[in-house]
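Q: Each protein sequence line maps, in turn, to chains A and B.
Residue 83 in numbering that gives the first Met the number 0 sits at position 84 of the first sequence; the count goes up by one each step and never skips.
Residue 0 in numbering that gives the first Met the number 0 sits at position 1 of the second sequence; the count goes up by one each step and never skips.
Positions of the beta carbon are idealized from the N, C-alpha and C atoms, including for glycine.
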Amino acid sequence: MKNMEDLPVPDPELSPDQNLKKTILNTQTSARIGIPLLILPGILLISMILKEELGINLGIINAITELIGNLDKSPYTGWLSPLIFLLLPLVAIIIFLLSITHFSYNKENYILQINIKFKTFNIMLLLIAGAILGTITLYLILENLNHFMLDKFGQPL
Amino acid sequence: MDDKEIYDRIKSDKQNFAILYDQYFVPIKKYILRRIGNYDISCDVTAETFLKAYLKISHFEYRGISYKVWLYRIATNEVNLFFRSKKYKPLNKINLEDFNNETLITSQQEDKDIWEKELQDHHDFLKAQQVIKNLPIKYAEVLSLRYFEKASIKEIAEILDKPKGTIKSLCTRGLQKVKEKMQPGTES
Numbered sequence: 000m001k002n003m004e005d006l007p008v009p010d011p012e013l014s015p016d017q018n019l020k021k022t023i024l025n026t027q028t029s030a031r032i033g034i035p036l037l038i039l040p041g042i043l044l045i046s047m048i049l050k051e052e053l054g055i056n057l058g059i060i061n062a063i064t065e066l067i068g069n070l071d072k073s074p075y076t077g078w079l080s081p082l083i084f085l086l087l088p089l090v091a092i093i094i095f096l097l098s099i100t101h102f103s104y105n106k107e108n109y110i111l112q113i114n115i116k117f118k119t120f121n122i123m124l125l126l127i128a129g130a131i132l133g134t135i136t137l138y139l140i141l142e143n144l145n146h147f148m149l150d151k152f153g154q155p156l
Numbered sequence: 000m001d002d003k004e005i006y007d008r009i010k011s012d013k014q015n016f017a018i019l020y021d022q023y024f025v026p027i028k029k030y031i032l033r034r035i036g037n038y039d040i041s042c043d044v045t046a047e048t049f050l051k052a053y054l055k056i057s058h059f060e061y062r063g064i065s066y067k068v069w070l071y072r073i074a075t076n077e078v079n080l081f082f083r084s085k086k087y088k089p090l091n092k093i094n095l096e097d098f099n100n101e102t103l104i105t106s107q108q109e110d111k112d113i114w115e116k117e118l119q120d121h122h123d124f125l126k127a128q129q130v131i132k133n134l135p136i137k138y139a140e141v142l143s144l145r146y147f148e149k150a151s152i153k154e155i156a157e158i159l160d161k162p163k164g165t166i167k168s169l170c171t172r173g174l175q176k177v178k179e180k181m182q183p184g185t186e187s
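Quick look at the structure:
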């Protein structure tokens, strides 16, 4: 090897990896979209639990629970509570589920492959969204059951 | 498209990072391949380079250095990290397996075959690369940029963020070490 300046170097014909590009551009996007959807229902739920179950009476908590009560009573804003407590966490769950699953279809063998990636942070967000949605759903079921019992049998659950 | 235009586009929408990716992916990958040699590891390091660039792109200030220099700097740091650490773990935030396994493997295999064929036709390069890889990193990075990437002293100084005088000195001393190792009887 005589002269490093004139050293011929390999110069292969490569092409940009488009799949990698998509992967990088999608990094953290799902968590960023999903997290704000949980903030409002999370705050409202915690406020209600603190007041109703733990009996904590702070000014801000009372204000929040009163707001929810007033929204529910009005026919114009009655739809807001289901939207906040049910729809937002549901959409967040769907987003987080999509972020950890990958679907691929093999046309030759007619096989649909679903891969689930255990990403700790996204799984944690999924569980929090599930807990919020589960708590609200359980509360609604028990509330309705309570009213049913009162109407039918004259006594609550 | 010049750097200023790219900068403005990325500022308005981070997804325009794709412009940088399309423009610099191949040159950066070739640089990493020439330094590391192994195709599969080079793919990991290249992916890590662009991932880190994407995550840091919001903090890039358009003053003093170009995108090219910035990306080469990140790539150099990643390659150095690989050589320094036995526990180098690329892709700590993403996993290539998430996306379309089949297509990814096919396109990588074709490129891998192309690279390995190129190496077979460049014996002198292979000898030089082996020697340079075993030098201390401060010499290896300068010599790789100078003789593999044909970068000027000014460009190398910008990439490594060192004075030009230091780069010249490292280049001279590094070249001396390469010549010593390439002497007959000292080749490994």
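May I ask you to report which of helix, strand or coil DSSP gives I131(B)?
A: To locate residue 131(B), count along the second sequence from 1; it is residue 132. Helix at I131(B).
Q: If you draw a straight line from the alpha carbon of L70(A) to that of L79(A), how long is it in whole angstroms?
A: Here residue 70(A) refers to the residue found at position 71 of the first sequence. Here residue 79(A) refers to the residue found at position 80 of the first sequence. Computed Cα separation, rounded: 7 Å.
Q: Among N56(A), I99(A) and F84(A), which residue has its Cα nearest to the Cα of N25(A)?
A: What you label residue 25(A) is simply residue 26 of the first sequence in a count that begins at 1. Closest option to N25(A), Cα to Cα, is I99(A).
Q: List the residues of chain A that H121(B) touches, going by C-beta distances under 7 Å, in chain order.
A: Counting from 1 along the second sequence, the entry for residue 121(B) is found at position 122. Chain A residues near H121(B): P7, V8 and P9.
Q: With a threshold of 8 Å between beta-carbons, can N91(B) be considered close to chain A, or not?
A: Locating residue 91(B) in the second sequence gives position 92, counting from the first residue. With a pLDDT of only 45 at N91(B), under 50, the local geometry of the prediction cannot be trusted, and no value is derived from it.
Q: Give every residue of the same chain whose Cβ lies closer than 8 Å to the Cβ of R83(B), excluding the five residues on either side of it in the sequence, and list them in chain order.
A: Counting from one through the second sequence, the residue named residue 83(B) turns up at place 84. Excluding sequence neighbours, R83(B) sits near I136.
Q: Report buried or exposed for Y109(A), applying the criterion of at least 16 other Cβ atoms within 10 angstroms of its Cβ.
A: Taking the first residue of the first sequence as 1, we reach residue 109(A) at position 110. With fewer than 16 Cβ atoms within 10 Å of its Cβ, Y109(A) is classed as exposed.
Q: Is it the case that the Cβ atoms of E115(B) and Y23(B) are separated by a distance below 8 Å?
A: Taking the second sequence and counting its residues from 1, the one referred to as residue 115(B) is at position 116. Taking the second sequence and counting its residues from 1, the one referred to as residue 23(B) is at position 24. No, the pair does not count as a contact, with Cβ atoms beyond the cut-off.
Q: Any Cβ of chain B within less than 8 Å of the Cβ of P12(A)?
A: In the first sequence, residue 12(A) corresponds to position 13, counting from 1. Looking at the sequence provided, one finds Glu at residue 12(A) rather than Pro. It does: the Cβ of E12(A) has a partner Cβ on chain B nearer than 8 Å.
Q: Taking just the CA atoms, how far does E52(A) sit from E142(A)?
A: By one-based count along the first sequence, residue 142(A) stands at place 143. By one-based count along the first sequence, residue 52(A) stands at place 53. Distance between the alpha carbons of E142(A) and E52(A) is about 14 Å.
Q: Below 8 Å between beta carbons is the criterion; list the residues of the stretch 14-35 of chain B that meet it against any residue of chain A, in chain order.
A: Within the stretch 14-35 of chain B, the residues whose Cβ lies closer than 8 Å to some Cβ of chain A are Q14, F16, A17, Y20, D21, F24, V25, K28, K29, L32 and R33, listed in chain order.
Q: Under 8 Å Cβ to Cβ from L124(A), same chain only, skipping five residues before and after it: list those, please.
A: As a working note, residue 124(A) is residue 125 in the first sequence. Taken in chain order, the residues that qualify are A30, G33, I34, L37, A91 and F95.
Q: Using three-state DSSP, classify Q22(B) as helix, strand or coil.
A: Within the second sequence, residue 22(B) is the residue found at index 23, counting from 1. The answer is helix: DSSP assigns Q22(B) an H, G or I state.
Q: For K178(B), I'd like the list of residues in its chain whose CB is within less than 7 Å of its CB, leaving aside the five on either flank, ordered along the chain.
A: In the second sequence, residue 178(B) corresponds to position 179, counting from 1. Excluding sequence neighbours, K178(B) sits near nothing in its chain.
Q: In chain order, what residues of the same chain lie with their CB nearer than 8 Å to the CB of K51(B), ignoring the 5 residues before and after it?
A: Numbered from its first residue, the second sequence carries residue 51(B) at position 52. Counting only Cβ-Cβ distances below 8 Å, and skipping sequence neighbours, we find I73 and E77.
Q: Quick check on the burial criterion: 16 or more other C-beta atoms within 10 angstroms. Buried or exposed for S46(A)?
A: Residue mapping note: residue 46(A) aligns to position 47 of the first sequence, counting from 1. Buried: at least 16 other Cβ atoms inside 10 Å.
Q: Can you tell which of L66(A), I60(A), A128(A) and E65(A) has the C-alpha that lies nearest to the C-alpha of L89(A)?
A: Here residue 89(A) corresponds to residue number 90 of the first sequence, with the count starting at 1. Of the candidates L66(A), I60(A), A128(A) and E65(A), the one whose C-alpha sits nearest the C-alpha of L89(A) is A128(A).
Q: At the level of alpha carbons, what is the spacing between N64(B) and D21(B)?
A: As a first step, residue 64(B) is located in the second sequence; it is residue number 65 there, counting from the start. As a first step, residue 21(B) is located in the second sequence; it is residue number 22 there, counting from the start. At residue 64(B) the sequence reads Ile, which differs from the Asn that was named. Roughly 19 Å separates the two Cα atoms.
Q: What's the C-alpha gap between T119(A) and G164(B)?
A: Mapped onto the first sequence, residue 119(A) falls at position 120. Mapped onto the second sequence, residue 164(B) falls at position 165. Going by the C-alpha atoms only, they are around 48 Å apart.
Q: Anyone know if the C-beta pair for A127(B) and L6(A) falls short of 8 Å?
A: Translated into the one-based positions of the second sequence, residue 127(B) becomes position 128. Translated into the one-based positions of the first sequence, residue 6(A) becomes position 7. Yes; because the gap between Cβ atoms is below 8 Å, this pair is in contact.
Q: Name, going along the chain, the residues of the stretch 13-24 of chain A whose beta-carbon falls closer than 9 Å to a beta-carbon of chain B.
A: Correct list: L13, S14, P15, D16, Q17, N18, L19, K20, K21, T22, I23 and L24.
Q: Would S113(B) and P40(A) be called neighbours here (beta carbons separated by less than 8 Å)?
A: Looking up residue 113(B) in the second sequence gives position 114. Looking up residue 40(A) in the first sequence gives position 41. Note on residue identity: the sequence assigns Ile, not Ser, to residue 113(B). Their beta carbons are not under 8 Å apart, which means I113(B) does not touch P40(A) by this criterion.
Q: Put S14(A) into one of helix, strand or coil per three-state DSSP.
A: By one-based count along the first sequence, residue 14(A) stands at place 15. Reduced to three states, the DSSP call for S14(A) is coil.
Q: Give the secondary structure of W78(A) by DSSP, where H, G and I count as helix, E and B as strand, and everything else as coil.
A: Mapped onto the first sequence, residue 78(A) falls at position 79. If DSSP states are grouped into helix, strand and coil, W78(A) belongs with coil.
Q: Applying the 10 Å Cβ sphere with the 16-neighbour rule, what's the burial state of P74(A)?
A: On the first sequence, position 75 is the one that residue 74(A) refers to. The residue is exposed, with fewer than 16 neighbouring Cβ atoms inside 10 Å.
Q: Note down, in chain order, every chain B residue with its Cβ under 7 Å from the Cβ of M123(A).
A: Counted from its first residue, the first sequence places residue 123(A) at position 124. Under the 7 Å cutoff, chain B gives no residues; its nearest Cβ is about 15 Å from M123(A).
Q: Using C-beta distances below 6 Å, list every residue in its chain close to K180(B), excluding the 5 sequence neighbours before and after it, in chain order.
A: Position 181 of the second sequence, counting from 1, holds the residue named residue 180(B). The answer, listed in chain order, is V130.
Q: Look at the alpha carbon of I152(B) and the alpha carbon of C170(B), and state the distance between them as a whole number of angstroms.
A: Your numbering for residue 152(B) matches position 153 in the second sequence. Your numbering for residue 170(B) matches position 171 in the second sequence. I152(B) and C170(B): Cα-Cα distance of roughly 9 Å.
Q: Taking any Cβ of chain A, which residues in the stretch 33-54 of chain B have a Cβ under 7 Å from it, in chain order?
A: Cβ contacts with chain A: R33, A46, F49, L50 and Y53.
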